[in-house]
Structures are given as structure tokens and as C-alpha cells.
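Here's the structure we're looking at; comments come further down.
Protein chains: 2
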Amino acid sequence: MKVDGKPWRPIWLEDDGWSVGIIDQTRLPFAFVSARLSSEAEAVQAIRAMLVRGAPLIGATAAYGMALAMRADASDANLAGAYQRLFETRPTAINLGWALDDMRRRLAPLAPGEREAAAYARAAEIVEQDVEINRRIGAHGLELIRAIADRKPGPVNILTHCNAGWLATCDWGTATAPIYQAHDAGIAVHVWVDETRPRNQGSHLTAWELHNHGVPHTVIVDNAGGHLMQRGQVDICFTGTDRTTATGDVCNKIGTYLKALAARDNGVPFYVCLPSPTIDWSLRDGVGEIPIEERSAAEVTEVTGIAPDGAVVRTRVVSPGSPAANPAFDVTPARLVTGLVTERGVAEASEAGLLGLFPERKTA
Amino acid sequence: MKVDGKPWRPIWLEDDGWSVGIIDQTRLPFAFVSARLSSEAEAVQAIRAMLVRGAPLIGATAAYGMALAMRADASDANLAGAYQRLFETRPTAINLGWALDDMRRRLAPLAPGEREAAAYARAAEIVEQDVEINRRIGAHGLELIRAIADRKPGPVNILTHCNAGWLATCDWGTATAPIYQAHDAGIAVHVWVDETRPRNQGSHLTAWELHNHGVPHTVIVDNAGGHLMQRGQVDICFTGTDRTTATGDVCNKIGTYLKALAARDNGVPFYVCLPSPTIDWSLRDGVGEIPIEERSAAEVTEVTGIAPDGAVVRTRVVSPGSPAANPAFDVTPARLVTGLVTERGVAEASEAGLLGLFPERKTA
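Order-wise, the sequence lines are chains A and B.
Numbering-wise (this note's numbering), the first sequence opens with residue 1 and increments by one.
Numbering-wise (this note's numbering), the second sequence opens with residue 365 and increments by one.
Structure (C-alpha cells):
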């Protein structure tokens with residue numbers, strides 16, 4: 001996607017052919033700064049300090065971290081050590097373990113002298129695979145937007161929650177992929193961007209992405225979406241998901257459930273975009289089975305913003321003395337989800353719908 | 365209600381018998397400061413600059429503003445002038461016009477020499493009437509809380525949105541009146557306080573009130589309430605309202621509708637507390653007929669907080685370059701409201717329910 005008119009990805013191989021460039025996402029949206037990773041230790045630090053975030057991007061960064069480790073020391077001991085150090089950065093990120101397992105399985109059988117080149121090649125493939133999955137999600141979602149554009153005048157109004165954008169992936173994003181593809185195809189779209197308290201990934205990251213790519217959008221507080229749907233100002237919703245059950249229940253950023261309820265109450269289609277690896281085929285009851293991470297209360301009581309003097313500061317926005325709670329995700333039951341947009345197409349949010357697209361998951 | 369263990373109201377007559385004390389609500393929650401109004405001009409400024417806010421409290425301040433005006437100059441010309449100057453402070457506040465009309469109607473027939481004493485007496489009555497209405501709302505709502513406490517162990521978990529608290533009225537508040545009365549009656553309660561973006565009246569004012577009165581509470585982002593209801597962590601919801609139709613549709617702070625949807629989806633009772641003067645008997649379709657105020661985008665893009673050095677600062681929290689929209693209220697259809705808690709009792713949210721409590725509103 002574009003920043004200041006030039007194409008960018010959130011991770012890339014530098015011109016030197018070995019060091020790795022990333023966008024420092026901790027500085028967004030108040031500064032656009034890239035960083036250069038020239039060692040495994042710097043990759044570890046970039047993941048741990050959240051210079052990169054989003055499961056697919058974390059996986060890609062870890063893969064390149066393994067390549068940087070092999071460049072410095074391709075021994076068996078360092079292969080095992082790098083795996084462990086990278087794995088411990090964000091133990092709950094699903095793609096992190098997947099990417100590291102994949103790298104180790106491919107590198108371990110090779111002679112040390114072959115490992116560096118193989119690691120860089122595989123890291124590049126992991127990036128391109130993610131880009132291709134998201135591109136396909138976007139192509140399927142684009143048709144949903146096009147169908148609306150074909151039957152109404154004016155821009156298609158899309159609501160999204162949190163940042164399932166290109167900054168969280170290797171390109172396109174998941175929930176944003178249909179939006180970017182529609183925009184690039186010349187379909188007039190306008191995006192309502194939920195602020196997404198407490199971490200403000202909507203007003204900080206999704207708004208930044210859309211602004212830089214030139215997609216018309218408006219930031220709203222999380223409270224506003226229901227009202228806009230009631231007044232006919234939302235044509236379709238797209239969100240991402242961290243985990244989807246085999247029955248189509250969707251675990252995503254806190255507040256997603258409220259928007260799905262409002263969409264249902266107002267007849268607005270509500271789609272969830274997901275790469276199929278985020279489907280947890282072992283789960284059948286999202287509300288009952290998915291544990292919800294309780295994060296630091298400081299994320300609720302404090303916000304990061306830019307002061308009139310240009311300084312980026314963190315201020316307390318809750319009455320001193322009052323405690324806060326911070327459940328980070330919620331579960332949207334499948335009955336509220338119009339469809340699941342995957343790299344293979346759009347499925348009904350149900351076991352039958354998912355198995356229709358992924359028949360290899362059928363058990364005897 | 366109490367602050368630091370001592371009873372306070374948001375407005376009072378000072379010991380000198382003529383000047384008027386208020387809590388400067390623009391300084392809350394980061395500083396607790398009172399102000400003394402010694403002239404009509406100071407009352408005008410207090411309303412305009414929102415040192416006082418909340419429809420009932422604005423009405424009471426305006427009434428005392430008329431008294432201060434009569435103390436300085438009880439002529440017909442100043443009666444008319446004070447009315448006009450006070451009326452223009454916040455033209456959309458319903459109680460402001462009501463209180464000023466009431467004062468003028470009573471004062472105009474009197475000789476100038478009688479007006480000052482009559483104005484102070486009537487202003488005090490207006491305050492006490494509001495306190496009594498809210499006390500009765502609280503007594504009726506208390507029974508709803510008591511019924512839950514009687515059938516489950518542990519505290520009754522109550523969710524509220526925005527600040528329909530004592531700071532917005534002359535005492536008790538509306539949505540908070542049942543909570544304070546339950547707490548004072550020894551019933552264990554715990555309140556989930558919605559932050560209430562964009563103006564943060566929940567995390568700034570409701571949290572401050574509850575903390576100071578000693579009511580257990582936890583601040584949450586507006587996104588979290590649906591998840592808590594899904595997990596059985598909310599027993600009952602109480603909100604206020606700015607305007608209720610004759611058919612029971614409720615216009616209240618943006619986001620109320622989303623909480624009502626979640627309450628319905630999870631079988632949680634959702635009650636709206638209102639003094640009967642906020643019922644607009646001329647309206648039958650809240651979504652169709654109530655215009656929604658669009659407020660400044662700066663309320664969305666900027667927040668007020670306290671920096672680590674103790675300075676109260678306003679920072680931008682939206683990506684620079686991105687626009688924002690700020691619809692300030694939404695409408696919750698009557699079908700989602702379990703009941704309307706008024707000074708006369710609890711009514712079903714319907715025309716029949718309201719007319720049952722207010723039979724004098726029946727037309728032939």
C-alpha cells in the first residue's frame with residue numbers, strides 16, 4: 001500500500017541483500033520512521049517492543065530473525081538458540097510459533113553452510129504467501145463491495161473496527177484488503193473507522209493507513225457505529241479476527257460483538273475477513289471455550305497523544321482513584337456474522353459453510 | 365452525596381445568605397474546586413463555560429442567576445435583561461428555559477422591592493423539587509436492585525453509561541440515584557462505568573462521584589460492556605436520558621443503543637431513569653423524529669488528561685490528517701428498554717406504560 005504516494009510494505013529486505021527494514025509502528029501515527037534490523041537480537045527486540053505487531057507480520061519478522069541468526073552463526077546450537085529467543089518474544093502469537101517451526105524444520109537437515117541462503121529464501125516465501133492470502137481475501141471481499149456499488153448511488157460506506165490492516169500483515173491487511181482493492185479498482189468507498197479503545201488501533205493505525213493510501217474515511221468513537229447504522233449510513237462491515245471456531249464464532253478485538261449486534265438489528269451485512277490458519281478447528285463454542293486475555297488497566301486509564309507543542313505524551317484519562325478493567329477481546333457468535341471472507345472465498349459462518357470451503361477438514 | 369466523607373451538592377446558597385456556591389466541573393476529575401457566584405454575570409459565565417452542566421443543574425443555576433440579578437437591580441428592565449442573558453447561555457437545555465420562564469412569571473407581577481426575596485425563595489424550591497424527583501426515582505430503582513440482591517450472592521453488578529449522576533442534577537442524579545440509595549441501604553453493589561467517549565463523562569465524572577461516595581466501581585472502555593454481559597458479569601443496566609418519546613423511545617448519550625442491544629441479547633434488564641419533564645409527549649418515533657446533535661470533531665480527535673508532571677493537557681489521539689465525526693446522541697427504541705424509572709414509579713417503555721403512570725396526559 002502507499003505512503004506519501006510511494007508503495008510500502010511493513011517489512012522488506014534492504015538493498016544490501018541481508019538486513020531487514022521495518023516500519024517502527026510504535027511511532028505511528030505521530031511519526032513515520034523505519035528501522036533496520038541487522039541482527040537476530042534486533043529482530044527479537046523489534047517483536048518484543050512491538051515495533052512490529054499483528055500475527056502475520058510477527059511471523060515474518062521472526063522468519064527473517066532466523067535468517068539473520070544463520071548469517072551470524074549457522075551452527076546447530078545457534079539454530080536452537082535463535083528459535084528459543086525468538087519464540088519467547090510474544091508466546092501467544094499463533095503465527096510466531098508456526099513460522100519458527102517451519103524455519104527450523106527446513107534448516108535443521110541442511111549443512112550449516114547452506115542454512116543462511118535457505119533461511120532468507122524461506123523468509124521471503126513466508127512474506128509472499130501472506131501477501132497472496134490477503135490479496136485473495138481482498139478479491140473475494142471486493143465483489144461484496146462491488147455488488148453494493150452496483151445498486152446504490154454515492155460511495156459505499158464501510159465500517160471497520162481495530163486495525164486488521166496492512167500494518168498487521170505483510171501487505172493488504174485482512175479486513176482492509178477488500179477496501180483497498182475496491183478503491184484501487186475505482187469504486188467509490190468511504191470508511192467509518194472505529195477509534196477502538198483502549199489501544200486506539202483504529203484512530204492511530206487504520207486511519208493512518210487509509211489517509212496515506214488516499215481512501216476517504218472518517219474516525220468515529222466506538223459508541224457511534226450503532227447510530228450510523230440506524231440512520232442508514234453504513235452499507236457493510238468488515239472486521240478481522242484473531243481466532244475463529246469450526247462453527248464460525250469469531251474472537252476479535254473488544255467491541256466487535258457490539259457492532260455485530262447493531263448490524264443485525266439494522267440489516268447491515270457483517271463480514272469477518274480471515275486467513276484460514278486462524279481457524280481453530282478444535283473449538284465449537286466461542287463464548288464458552290475461548291479464554292479472553294485481561295490486559296493491563298493502564299491501557300484504559302492512560303492514552304497516548306500529541307500535545308500542542310508536538311510532544312508525544314501519555315496522560316491519565318480516568319478519575320484518579322478509580323480502578324479499571326481491560327478485557328481485550330470478545331466473541332461474536334456465528335449467528336451475527338453474515339459471512340467469513342477467506343482466501344478460498346466467502347463462507348457462511350457455520351460448520352457447514354467452513355467445511356464447504358475446506359473439505360479436507362471433514363472427519364470420517 | 366459525599367466527597368471526602370462530607371455531604372456536598374453541586375449548588376448551594378453560601379452562608380452569607382445571598383451568594384451561590386458551585387463545584388467547578390470543568391476542573392473535575394483532576395481537581396476538586398468550588399466557585400462562588402456573586403453576580404448574574406458570574407452565573408451566566410458559569411453556565412456558558414460549563415462550570416455547571418446537566419439540564420437540572422443548569423436550570424437551578426439560572427434560577428439563582430435571576431435572584432442575583434434581582435439583588436443588584438430589581439427593575440422591570442433588568443428582569444427582562446437577565447432573562448435574556450441567562451437564556452442565551454445554552455439555548456438547547458430544556459430546563460434552562462423552563463426555570464427562567466417560571467422565575468419571570470412569578471417575579472414580573474411583584475413590586476421591585478419584593479422580587480429579590482421571592483427569587484431566592486423560588487430558586488431554592490426549584491433545587492429542592494429536583495432533589496425530591498431524583499430521590500423518588502432512586503427509591504423506585506432501589507427496589508429493582510434489591511430484588512436482584514435478594515436472589516443472588518455477592519454484589520449486584522450494575523452497568524451505567526455517561527454521567528446521569530448527582531453532578532448533573534441538584535442531588536442524587538437520575539441513573540445513579542438507585543445506585544446511591546442501594547449502597548446507602550447496605551446492599552452490596554458494584555458499578556461498571558462506561559468511559560463514554562468522546563467526552564469521557566463516565567471515566568471523568570461518574571467514576572469521580574462513585575469513588576468519593578465510596579461505591580465500588582470499575583471503569584471500562586465503551587467496547588467492553590457487551591462482553592461482560594455475555595459472561596454474566598452485569599445484572600442490570602441504568603442510564604439516563606435527554607429526551608423520551610410518548611412511546612418510550614429513549615434519546616441519550618451516543619452508545620446507549622449498543623448497550624441496550626447487548627442487554628437484550630443476554631437477557632440483562634435495561635432501565636432508563638428519567639424525571640417526567642424530559643418526556644416529550646409530542647413525539648412518537650424516536651429514530652425518525654429526534655434530530656441528533658453533531659458536535660465538534662475536536663471532541664473525538666482530542667482528549668483531556670493529566671500528564672505525569674501533573675499538568676492537565678489536551679492531546680490529539682487521532683492520526684493527523686484524518687477527519688472525525690461526532691454524533692452526540694443516539695436513540696434506543698422502546699423495544700430494547702425493560703422499563704422507565706420515573707418519580708412516580710416504573711413504567712413499561714410504551715405509550716400504555718407511560719399513560720398508566722401519567723393518566724393526565726391521556727387525550728380524549
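Heads up, the beta-carbon is just placed ideally off N, CA and C, and yes, glycines get one too.
Does the beta carbon of residue i fall short of 6 Å from some heavy atom of the ligand ADP?
{"i": "residue 71 of chain A", "result": "Absence of the ligand ADP is noted for the structure shown, with no ligands found whatsoever."}
Kindly indicate the opening and closing residues of the beta strand (DSSP E) around residue i.
{"i": "residue 171 of chain A", "result": "Run containing residue 171 of chain A: none; DSSP gives neither H nor E here."}
{"i": "residue 259 of chain A", "result": "Residue 259 of chain A -> not in any beta strand (DSSP E); alpha helix (DSSP H) instead, spanning 256 to 265."}
{"i": "residue 209 of chain A", "result": "From DSSP, residue 209 of chain A is part of no beta strand (DSSP E) but of the alpha helix (DSSP H) over 207 to 213."}
{"i": "residue 699 of chain B", "result": "Counting along the chain, residue 699 of chain B falls outside any beta strand (DSSP E), and DSSP gives it neither H nor E."}
{"i": "residue 729 of chain B", "result": "Here chain B has residues from 365 to 728 only, and residue 729 of chain B is not among them."}
{"i": "residue 313 of chain A", "result": "312 to 316"}
If you draw a straight line from the C-alpha of residue i to the C-alpha of residue j, how long is it?
{"i": "residue 719 of chain B", "j": "residue 639 of chain B", "result": "15 Å"}
{"i": "residue 59 of chain A", "j": "residue 171 of chain A", "result": "13 Å"}
{"i": "residue 520 of chain B", "j": "residue 581 of chain B", "result": "11 Å"}
{"i": "residue 538 of chain B", "j": "residue 698 of chain B", "result": "19 Å"}
{"i": "residue 83 of chain A", "j": "residue 46 of chain A", "result": "15 Å"}
{"i": "residue 210 of chain A", "j": "residue 425 of chain B", "result": "46 Å"}
{"i": "residue 474 of chain B", "j": "residue 461 of chain B", "result": "21 Å"}
{"i": "residue 437 of chain A", "j": "residue 42 of chain A", "result": "Since the displayed chain A opens at 1 and closes at 364, residue 437 of chain A lies outside it and no answer follows."}
{"i": "residue 130 of chain A", "j": "residue 606 of chain B", "result": "49 Å"}
{"i": "residue 15 of chain A", "j": "residue 36 of chain A", "result": "11 Å"}
{"i": "residue 569 of chain B", "j": "residue 659 of chain B", "result": "20 Å"}
{"i": "residue 377 of chain B", "j": "residue 670 of chain B", "result": "32 Å"}
{"i": "residue 445 of chain B", "j": "residue 642 of chain B", "result": "27 Å"}
{"i": "residue 712 of chain B", "j": "residue 23 of chain A", "result": "55 Å"}
{"i": "residue 389 of chain B", "j": "residue 591 of chain B", "result": "32 Å"}
{"i": "residue 418 of chain B", "j": "residue 435 of chain B", "result": "26 Å"}
{"i": "residue 662 of chain B", "j": "residue 668 of chain B", "result": "11 Å"}
{"i": "residue 370 of chain B", "j": "residue 555 of chain B", "result": "22 Å"}
{"i": "residue 249 of chain A", "j": "residue 627 of chain B", "result": "19 Å"}
{"i": "residue 28 of chain A", "j": "residue 34 of chain A", "result": "10 Å"}
{"i": "residue 266 of chain A", "j": "residue 162 of chain A", "result": "21 Å"}
What residues match up with residue i in a beta bridge as DSSP calls it?
{"i": "residue 592 of chain B", "result": "According to DSSP, which records beta bridges pairwise, residue 592 of chain B is partnered with nothing at all."}
{"i": "residue 394 of chain B", "result": "Note: residue 394 of chain B sits in no beta bridge, so no partner."}
{"i": "residue 237 of chain A", "result": "A/159 and A/270"}
{"i": "residue 341 of chain A", "result": "A/273 and A/346"}
{"i": "residue 217 of chain A", "result": "A/191"}
{"i": "residue 44 of chain A", "result": "The partner list for residue 44 of chain A (beta bridge, DSSP) is empty, contrary to what the question assumes."}
{"i": "residue 252 of chain A", "result": "A/330"}
{"i": "residue 21 of chain A", "result": "A/12 and A/36"}
How far does the alpha helix (DSSP H) with residue i in it extend, from its first residue to its last?
{"i": "residue 495 of chain B", "result": "476 to 515"}
{"i": "residue 440 of chain B", "result": "440 to 451"}
{"i": "residue 666 of chain B", "result": "Here residue 666 of chain B belongs to no alpha helix (DSSP H); instead the beta strand (DSSP E) covers 666 to 670."}
{"i": "residue 95 of chain A", "result": "94 to 107"}
{"i": "residue 561 of chain B", "result": "Counting along the chain, residue 561 of chain B falls outside any alpha helix (DSSP H), and DSSP gives it neither H nor E."}
{"i": "residue 425 of chain B", "result": "419 to 436"}
{"i": "residue 359 of chain A", "result": "Run containing residue 359 of chain A: none; DSSP gives neither H nor E here."}
Please identify the residue among the options whose C-alpha is closest to the C-alpha of residue i.
{"i": "residue 372 of chain B", "options": "B/391, B/396, B/637 and B/383", "result": "B/396"}
{"i": "residue 281 of chain A", "options": "A/362, A/135 and A/306", "result": "A/362"}
{"i": "residue 197 of chain A", "options": "A/273, A/247 and A/325", "result": "A/325"}
{"i": "residue 318 of chain A", "options": "B/521, B/584 and B/624", "result": "B/584"}
{"i": "residue 502 of chain B", "options": "B/546, B/468 and B/534", "result": "B/546"}
{"i": "residue 453 of chain B", "options": "B/649, B/383 and B/408", "result": "B/408"}
{"i": "residue 255 of chain A", "options": "A/352, A/288, A/292 and A/110", "result": "A/292"}
{"i": "residue 145 of chain A", "options": "A/268, A/71 and A/199", "result": "A/268"}
{"i": "residue 223 of chain A", "options": "B/612, B/387, B/602 and B/625", "result": "B/625"}
{"i": "residue 308 of chain A", "options": "B/484, B/671 and B/680", "result": "B/680"}
{"i": "residue 330 of chain A", "options": "A/285, A/24 and A/348", "result": "A/285"}
{"i": "residue 252 of chain A", "options": "A/240, A/246, A/357 and A/245", "result": "A/240"}
{"i": "residue 323 of chain A", "options": "B/402, B/382, B/578 and B/707", "result": "B/578"}
{"i": "residue 429 of chain B", "options": "B/706, B/414, B/384 and B/391", "result": "B/384"}
{"i": "residue 543 of chain B", "options": "B/636, B/482 and B/622", "result": "B/636"}
Legend entry - Interfacial residues, the region 171 to 200 of chain A to chain B, with Cβ spacing under 9 Å: Under the 9 Å Cβ criterion, the region 171 to 200 of chain A contributes 192, 193, 194, 195, 196, 197, 198 and 200.
Legend entry - Chain-ordered residues of the region 248 to 267 of chain A with a beta carbon less than 7 Å from chain B: Listed by position, the residues of the region 248 to 267 of chain A near chain B (Cβ gap below 7 Å) are 254, 255, 257, 258, 261, 262 and 265.
Legend entry - Residues, ordered as in the chain, of the region 374 to 390 of chain B that lie near chain A by beta-carbon distance below 9 Å: Along the region 374 to 390 of chain B, none of the residues has a CB nearer than 9 Å to a CB of chain A.
Legend entry - Under 8 Å (Cβ pairs) to chain A, residues found in the region 665 to 689 of chain B: 665, 666, 667, 668, 669, 670, 671, 672, 677, 678, 679, 680, 681, 682, 683, 684, 685, 686, 687, 688 and 689
Inset, instruction - Compile a chain-ordered list of the residues in the region 576 to 589 of chain B whose CB is closer than 7 Å to at least one CB of chain A. - result: 581, 582, 583, 584, 585, 586, 587 and 588
Inset, instruction - Identify each residue in the region 473 to 505 of chain B for which the Cβ-Cβ distance to at least one residue of chain A is less than 8 Å, and report them in chain order. - result: none
Inset, instruction - Return the residues of the region 277 to 294 of chain A that lie within a Cβ-Cβ distance of less than 8 Å from chain B, sorted by chain order. - result: 287 and 292
Legend entry - Cβ-based contacts, 7 Å cut-off: residues of the region 594 to 609 of chain B near chain A: 594
Legend entry - Contact set between the region 393 to 423 of chain B and chain A, restricted to residues whose Cβ is under 8 Å from the partner: 393 and 394
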